[in-house]
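S.K.: Once you've had a glance at the structure underneath, I'll fire off some questions.
6 protein chains.
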Amino acid sequence: MIYLTRRERFNAAHRLFKKEWSDEKNFTVFGKCSNPNWHGHNYVLFITVKGEIDEETGFVINLKDLSKIVRAKIIDKVDHRNLNLDVDFMKGKITSAENIAIAIWEELEKDLVAIKCELHCIKLVETENNSIEYYGKNN
Amino acid sequence: MIYLTRRERFNAAHRLFKKEWSDEKNFTVFGKCSNPNWHGHNYVLFITVKGEIDEETGFVINLKDLSKIVRAKIIDKVDHRNLNLDVDFMKGKITSAENIAIAIWEELEKDLVAIKCELHCIKLVETENNSIEYYGKNN
Amino acid sequence: MIYLTRRERFNAAHRLFKKEWSDEKNFTVFGKCSNPNWHGHNYVLFITVKGEIDEETGFVINLKDLSKIVRAKIIDKVDHRNLNLDVDFMKGKITSAENIAIAIWEELEKDLVAIKCELHCIKLVETENNSIEYYGKNN
Amino acid sequence: MIYLTRRERFNAAHRLFKKEWSDEKNFTVFGKCSNPNWHGHNYVLFITVKGEIDEETGFVINLKDLSKIVRAKIIDKVDHRNLNLDVDFMKGKITSAENIAIAIWEELEKDLVAIKCELHCIKLVETENNSIEYYGKNN
Amino acid sequence: MIYLTRRERFNAAHRLFKKEWSDEKNFTVFGKCSNPNWHGHNYVLFITVKGEIDEETGFVINLKDLSKIVRAKIIDKVDHRNLNLDVDFMKGKITSAENIAIAIWEELEKDLVAIKCELHCIKLVETENNSIEYYGKNN
Amino acid sequence: MIYLTRRERFNAAHRLFKKEWSDEKNFTVFGKCSNPNWHGHNYVLFITVKGEIDEETGFVINLKDLSKIVRAKIIDKVDHRNLNLDVDFMKGKITSAENIAIAIWEELEKDLVAIKCELHCIKLVETENNSIEYYGKNN
């Protein structure tokens, strides 16, 4: 087994809030992250896949193939967007880094199987001080 | 003369657009940065001041004093905010990194004079690939 | 399970030495790290906790709660201090990065249980070239 | 168990290609990485070892000992070299980051045993966007 | 005046040597950088331009226009190439970071004039420890 | 003119205080930086020199020569030391980043003249948020 990690970046707006709650309650729980007019981040996304090495190429997976899928399924949908309003796979969810990471995992998992590649970890860095790692439902 | 640089960070949403223009024209000029539902950044701000060393303290300026001013005048107003909607000193301006840097200069300049400190440079890093430096009107 | 990592920083002095040993022996084993007048580092600390997502908030843990504990139990005690002389939880220990990481784990573990959060990893970066990870006694 | 990571760097030229294939096929599979006149990287290598703490020293392993082995067995052989032409342990192999990481593991494994230290992970960062991790044959 | 900096990256092989000199003399002067089979770097290039702000757009220059020129004139010619063998504008020159920076300046200067933009600085980072800045012939 | 920058690092302990002042006054002015038992930093030092390119070598200055001087005159004296107690060129001075930067300039200036190289800037980074630049007495 060998693990390959690809870094991608996207710049997006979001807001943490629960529409069933008052502004006061939202502020109590989410603090300044619940600002009604949104705020935003330069998100950094690390996608780690694992597999055996293809002896023909010396690759676990051709990075061009991995990149193409990640761009089409994730980056094109979230970059320069509002994560609450513009992104189909975040509809109805709180846009915490935790939920974004899990949603990205679920979007990517199937398509990576199609190229014989197993997803190992989604790491999402929201700021230099805060990041999330997710290894799938059974881990 | 010695130069001291303080780094501060803020996370904000913004949108590049001119309200006199159609969405199409905005998209042609500003591309995905004109997304109507906003996007955002982890902005990194470097404030450089210059001056002579105070022989008593070995400081150009006490960082606590500089930080207090930068927090009160800038960071508290832009962090976790929408630069187009929430920030008084950006009202009516296109929120390009250039305009944000100049506006921050203008906000800080006077208050730094009050603590006998001369502003030298505002550097604003919008993404790891793009940044702006401003040295004041006469430079 | 999802993993959340918080980065904190502290600047501290320390010295590697064993008081039972001569200066020569200390120098042979610890090299310049045994300088009698101390040296110091900008330590970078990564605290990783794990847990299930709270469906109400989308959080594993509210970062404000985690931060408050880490500040009170660790950062306030080690930042701008001498790790050998000023820090209760390092008393009588060699202040190697290994021992600091383990001591931080032991300080934090219980308090995190109190907020229903499980400590997963303490990573301590001493210089850009050297770092330590600790996953608890049973890992 | 505690994990210690040492960072080392080396600057090397390489080319991805299979000599049995035509230039066209090489270009189709490896893209610009198959440029016949080579290209190169500032590789960043993270060596993670694990073990129990030596109570005498507070160390898993004395970094001086680890560094000496990594320099002699790896860095001196790959730094400012051509990975395809100059490096004995890459002879006959495609110089993908995957294969380099595995070869470094195999070079280091035995010598670390000699200093009572167990190799845990070889991480090789080829560019800021691409990296490889290897944990040995049985992991 | 406001200054805008764009970061670009390229991975290239090179060798420092003077063909009139013996291998011994080349090694004495250039050390391991004269390895006959080349070595390589992840070069990081910072292009700084200066100008007045266009009041219509809030931009010194549209980054898309700057990027297009830098890609066509520089990055496409040097990325995944051998700087000694493959790059027209380095022909006959020693490929020191100094000479690469000056050559990039000379390649870009005219084309930037065409888009009403003045080149201010070329910064070339060869390793995390070594970098070059060039401000043009008259500075 | 071309500018070359070399990065070096040193880890040191220090304390900000004035012996003529009470502990209270020291704490009022210098805050936690006046901790009597010291604290410390991973200092990052950027030495920028300027000059014309030597046509024989393509270098402003051979980095090996610059490195040797910086190591002998600065790094060997400050690395893993106490800046207040162990460093001759800081004797009797407050060890603020400002004063350290100026002292390093004064130590290096003459020796660089000896190798026909002009010192341009000393940049000293004390933490990721605070840094100092000094360009000599007349700038």
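Residue numbers (the working numbering), protein chains in the order written: chain V, 1 to 139; chain D, 1001 to 1139; chain C, 2001 to 2139; chain F, 3001 to 3139; chain G, 4001 to 4139; chain Z, 5001 to 5139. For glycine and all other residues, C-beta sits at the position ideal for the given N, C-alpha and C.
Report back the beta-carbon spacing between Leu-4045 (chain G) and Asn-3037 (chain F) to the nearest angstrom; my notes put them in contact at under 8 Å.
M.R.: Not confirmed; about 20 Å, so no contact.
S.K.: Per DSSP, Cys-1121 (chain D) forms a beta bridge with which residues?
M.R.: D:Thr-1048
S.K.: Given that Ser-1022 (chain D) touches chain G, what residues does it touch there, using C-beta distances under 8 Å?
M.R.: Ordered by position in chain G, no residue passes the 8 Å Cβ test against Ser-1022 (chain D), which lies about 14 Å from the chain.
S.K.: Counting contacts by CB-CB distance shorter than 8 Å, is Val-87 (chain V) in contact with chain C?
M.R.: Interface annotation, Val-87 (chain V): not in contact with chain C, CB-CB separation never under 8 Å.
S.K.: Excluding the 5 residues preceding and the 5 following Tyr-2135 (chain C) in the sequence, name in chain order all residues of the same chain whose CB lies nearer than 6 Å to its CB.
M.R.: Cys-2121
S.K.: Less than 8 Å separating the beta-carbons of Thr-1057 (chain D) and Leu-1004 (chain D)?
M.R.: no
S.K.: Using a Cβ cut-off of 8 Å, which residues of the stretch 4052-4077 of chain G contact any Cβ in chain D, in chain order?
M.R.: Ile-4053, Glu-4056, Thr-4057, Gly-4058, Phe-4059, Val-4060, Asn-4062, Leu-4063 and Lys-4064
S.K.: Which residues of chain D have a Cβ atom closer than 8 Å to the Cβ of Thr-3974 (chain G), listed in chain order?
M.R.: This structure does not reach residue 3974 (chain G), given that chain G is present from 4001 up to 4139, and the question cannot be answered.
S.K.: Please list the segments of the beta strand (DSSP E) lying wholly inside the stretch 3039-3105 of chain F, counting only runs of 3 or more residues, in order along the chain.
M.R.: 3039-3051
S.K.: Where does Glu-5133 (chain Z) land, buried or exposed, given buried means 16+ other C-beta within 10 angstroms?
M.R.: buried
S.K.: So Val-70 (chain V) packs on Leu-108 (chain V), CB below 8 Å; how close in whole Å?
M.R.: The beta carbons of Val-70 (chain V) and Leu-108 (chain V) sit about 7 Å from each other, so the pair counts as a contact at 8 Å.
S.K.: For Lys-4064 (chain G), does the count of other Cβ atoms within 10 angstroms reach 16, so buried, or fall short, so exposed?
M.R.: Around the C-beta of Lys-4064 (chain G), fewer than 16 other C-beta atoms lie within 10 Å, and the residue is accordingly described as exposed.
S.K.: For Ile-1122 (chain D), go through chain Z and note every residue whose CB falls closer than 9 Å to its CB, in chain order.
M.R.: Within 9 Å Cβ-Cβ: nothing; Ile-1122 (chain D) doesn't reach chain Z, min ~15 Å.
S.K.: At what residues does the alpha helix (DSSP H) containing Asn-26 (chain V) begin and finish?
M.R.: 23-30
S.K.: Helix, strand or coil for Leu-3112 (chain F) per DSSP?
M.R.: helix
S.K.: Applying the 10 Å Cβ sphere with the 16-neighbour rule, what's the burial state of Val-113 (chain V)?
M.R.: exposed
S.K.: Cα-Cα, which of F:Cys-3117, F:Asp-3079 and F:Lys-3137 is closest to His-3014 (chain F)?
M.R.: The residue from F:Cys-3117, F:Asp-3079 and F:Lys-3137 with its alpha-carbon nearest to that of His-3014 (chain F) is F:Asp-3079.
S.K.: Count the other CB atoms, across all protein chains shown, that sit within 10 Å of the CB of Gly-3092 (chain F); report buried if there are 16 or more and exposed otherwise.
M.R.: Looking at its Cβ environment, which holds fewer than 16 other Cβ atoms inside 10 Å, Gly-3092 (chain F) is exposed.
S.K.: Residues of chain C with a CB under 8 Å from the CB of Ala-5012 (chain Z): which are they?
M.R.: His-2039 and Gly-2040
S.K.: Quick one, which of V:Leu-16, V:Arg-6 and V:Asp-54 has its alpha-carbon nearest Ile-100 (chain V)'s?
M.R.: Nearest Cα to Ile-100 (chain V) within the set V:Leu-16, V:Arg-6 and V:Asp-54: V:Leu-16.
S.K.: Here's the rule: buried if 16 or more other CB atoms are within 10 angstroms of the residue's CB, otherwise exposed. What is Thr-2028 (chain C)?
M.R.: exposed
S.K.: What in chain Z is Cβ-close to Gly-4031 (chain G), meaning under 8 Å?
M.R.: Lys-5064
S.K.: For Asn-141 (chain V) versus Ser-34 (chain V), is the C-beta distance shorter than 8 Å?
M.R.: One cannot answer for residue 141 (chain V) here, as it falls past the ends of chain V, which runs 1 to 139.
S.K.: Given a threshold of 16 other Cβ atoms within 10 Å of its Cβ, counted over all protein chains shown, does Ser-4096 (chain G) qualify as buried or as exposed?
M.R.: buried
S.K.: Would you please verify whether the beta carbon of Thr-4127 (chain G) is less than 8 Å from any beta carbon of chain F?
M.R.: Judged by the 8 Å Cβ criterion, Thr-4127 (chain G) is in contact with chain F.
S.K.: Would you say Ser-2034 (chain C) faces chain F, with C-beta separation under 8 Å as the test?
M.R.: No, its Cβ sits nowhere closer than 8 Å to a Cβ of chain F.
S.K.: Return the CA-CA distance between Leu-4083 (chain G) and Glu-52 (chain V), expressed in angstroms with no decimal places.
M.R.: 34 Å
S.K.: So, are the CB atoms of Ala-2072 (chain C) and Gly-2040 (chain C) less than 8 Å apart?
M.R.: no
S.K.: So which residues on chain D does Ile-4115 (chain G) lean against when the C-beta distance must stay under 8 Å?
M.R.: Per Cβ cutoff of 8 Å: no residues; Ile-4115 (chain G) is ~14 Å from chain D at best.
S.K.: If you measure between the beta carbons of Ile-1074 (chain D) and Ile-1115 (chain D), is that distance less than 8 Å?
M.R.: no
S.K.: Below 8 Å on C-beta distance, what does Glu-1002 (chain D) contact in chain Z?
M.R.: In the sequence as presented, Glu is not what sits at residue 1002 (chain D); that position holds Ile. The contacting residues are Glu-5098, Ala-5101, Ile-5102, Ile-5132, Glu-5133 and Tyr-5134.
S.K.: Can you grab the Cα-Cα spacing for the pair Asn-5130 (chain Z) / Asn-4129 (chain G), in whole Å?
M.R.: 19 Å
S.K.: Restricting to Cα atoms, I'd like to know which of G:Val-4087, G:Phe-4059 and G:Asn-4138 is closest to Ala-4103 (chain G).
M.R.: Out of G:Val-4087, G:Phe-4059 and G:Asn-4138, G:Val-4087 has the C-alpha closest to the C-alpha of Ala-4103 (chain G).
S.K.: Candidates Z:Glu-5118, Z:Asn-5139 and Z:Lys-5077: which alpha carbon is nearest Ile-5002 (chain Z)'s?
M.R.: Z:Glu-5118
S.K.: Could you give the DSSP three-state label for Glu-3020 (chain F): helix, strand or coil?
M.R.: Three-state result, Glu-3020 (chain F): coil.
S.K.: Output yes if chain C places a C-beta closer than 8 Å to the C-beta of Ile-94 (chain V); else output no.
M.R.: yes
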